[in-house]
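Residue numbers (mature numbering (1 follows the signal peptide of the UniProt record, and there is no 0)): -21 to -1, 1 to 542.
All C-beta atoms, glycine included, are put in the ideal place defined by N, C-alpha and C.
For reference, the structure discussed in these notes is given below.
Okay, structure coming up:
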């Protein structure tokens, strides 16, 4: 049965590819630029002198070439978040996972192969914390002769939610990581690079979206924040969620949305209120004992030809620690069986032949750097393994069979079981460091259960898997019970996602068929946790044919320092 569903999916993709697909070319010049916000001047690494960066606009099934010129002072890479890149991990982008950095005064051209993705994705740097300013939207319009599964909107607007730091963020983060201290909180949040009117600096700008009365608009919302889930609303207007992570969902209405770092969400809004100016607003959401700064950032939803002040003096958003608002929103997300989505192809219980149970934790390890100011620095782990980046990329080592770079022995179970979400008094959970990969065979039906723990400050974790969209089949509070919890799984209409939020006192279960061979990064999209090691690598071995194997290594890949 699983093979039949896989064939139907291949047929859907083949049908898309028979449509007229275009090839697009973009030039990205990446250099440092100065920006004045909060009455301070900060130096940012940006693309084409723009914050946020340029939008890539294509149709489903197109191919994109992006020539990235490094005019900065240090190396970096760029990742095309949510693009599956069929058999093409070479251009996925994470540093030291699928490539080495693009060195200063060099360039590298990425080939981005779009397949079944539809709606909104995004691109961002994937080196250290560089993505804070090196990011932009990927808008994927319906293919030729394809329609939206809802009335065509009258207009659209991309909205990128961001974290803003005063000063040179790379220097700030390098110092924090070297000293063993936590990275600083952001100084503000931004909407499309604008800080709004809540931070007290008279020269700060506010983002304005101009709309016409009785028109309907498609908002393409991206959470590019570094470590913060975000609530978002438009005052006195109803939001209709239509897509998540470049896949359509069953439409539902809400006064607000909740979006995790890495996620994208498509939302319809109708300008059907009295003409005026209405605040749009964003604030963080957190269930961690160490919460982010609770700033509210504003924009303006402005009706055409209206002159006057805001129609809403008060901004109503859920409180930052309102976990009921968080859980109520995400519980409403369901897949939808529309022709514009690939056929729902959830691995059945009888299909599953690879099960992985992963605990997520924040830990400490001895700080041995000469710049340490503490004896124990921060670490983060999956199944008590804190990931270490190798000196060459894992993909190259795997493809060329270079030994000593990584190990194929990531534990499929945690080394010990305890009350993960309960009282941890007396629990001492040892952490090891290493570059250890999860290895599966092509065609395997995989289930991964992600379990939060109260190690460190606890809290949610947005986990992103490169190269795949997966089905979110289950979730719950407390500790996962392998005997009873699978009976609660949604195997009928689970949403298809690439980034899933694991609640701070609970678990989630995801399933997918391993039908994209390659080396694919899996990590927390809270940048501080990735910096501390909350990541691993999924290696999907080649199948038995050329069509089920990794494409040949391009000759243009950036050289690693030690090769």
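If only complete runs of 3 or more residues are kept, the region 402 to 481 shows the beta strand (DSSP E) at 411 to 413, 416 to 419, 424 to 431, 440 to 444, 449 to 456, 478 to 481, in order along the chain. Boundaries around residue 506 are those of the alpha helix (DSSP H), 506 to 511, since no beta strand (DSSP E) includes it. Out of 38, 363, 516, the CA that lies nearest to the CA of residue 91 is found in 38.
DSSP places residue 302 inside the alpha helix (DSSP H), whose first and last residues are 302 to 309. In the structure shown, residue 350 adopts coil according to DSSP, grouped into three states. Taking 8 Å as the cut-off, the beta carbon of residue 274 is found no closer than this to the beta carbon of residue 259.
Under the three-state reduction of DSSP, residue 11 is assigned to strand. Apart from sequence neighbours up to five positions away, the residues of its chain that approach residue 435 with a beta-carbon distance below 7 Å are 340, 341, 342, ordered along the chain. Your pair residue 12 and residue 54 does not check out as a contact, with CB atoms roughly 18 Å apart and the cut at 8 Å. In the three-state scheme derived from DSSP, where H, G and I count as helix and E and B as strand, residue 151 is classed as helix. Judged by DSSP secondary structure, residue 229 falls within the beta strand (DSSP E) whose first and last residues are 226 to 233. A distance below 6 Å between beta-carbons, with the five flanking residues on each side excluded, links residue 457 to the following residues of its chain, in chain order: 400. Counting along the chain, the unbroken alpha helix (DSSP H) around residue 373 starts and ends at 373 to 379. According to DSSP, residue 36 shares a beta bridge with 118. Taking a contact as a CB-CB distance under 8 Å, the pair residue 413 and residue 384 does not count as one, their CB atoms being some 11 Å apart.
Between residue 440 and residue 431, the gap from beta carbon to beta carbon is short of 8 Å. Looking from the CA of residue 263, the closest CA among 388, 286, 297 belongs to 297.
Restricting attention to beta strand (DSSP E) runs no shorter than 3 residues, the region 248 to 299 encloses them at 256 to 264, 276 to 282, ordered along the chain. Closest in C-alpha terms to residue 215, from the list 246, 98, 257, 176, comes 257. Going by DSSP, residue 205 is part of no beta strand (DSSP E) at all; its letter is neither H nor E. Looking at the DSSP output, residue 492 sits in a beta bridge with 424. Where residue 136 is concerned, the enclosing beta strand (DSSP E) starts and stops at 134 to 143.
Each of 490, 374, 417 was checked against the Cα of residue 361, and the nearest Cα belongs to 417. Pairing residue 521 with residue 310, the inter-Cα distance amounts to about 36 Å.
About 5 Å separates the CB atoms of residue 429 and residue 487; that is less than 8 Å, so the two are in contact. For residue 346, same chain residues with a beta-carbon under 7 Å away, outside a window of 5 residues either side, are 159, 353, 354, 355, 356 in chain order. Per DSSP, the unbroken beta strand (DSSP E) holding residue 19 starts and ends at 19 to 26. Around the beta carbon of residue 141, 16 or more other beta carbons lie within 10 angstroms, which makes this residue buried.
If you draw a 10 Å sphere on the C-beta of residue 99, you find 16 or more other C-beta atoms in it, and that means buried. Residue pairing by DSSP puts residue 81 in a beta bridge opposite 55. Looking at the backbone, the Cα of residue 446 and that of residue 43 are separated by about 16 Å. In the same chain as residue 162, and ignoring 5 residues on each side of it, the C-beta atoms closer than 6 Å to its own belong to 152, 155, 507, in chain order. By the criterion of a C-beta distance shorter than 8 Å, residue 411 is surrounded in its chain by 363, 364, 365, once the five residues flanking it on both sides are discounted.
Burial of residue 96 is indicated by the presence of at least 16 other C-beta atoms within 10 angstroms of its C-beta.
Apart from sequence neighbours up to five positions away, the residues of its chain that approach residue 180 with a beta-carbon distance below 8 Å are 16, 17, 18, 174, ordered along the chain. Taking all protein chains shown into account, residue 482 has 16 or more neighbouring C-beta atoms within 10 Å of its C-beta and is therefore buried.
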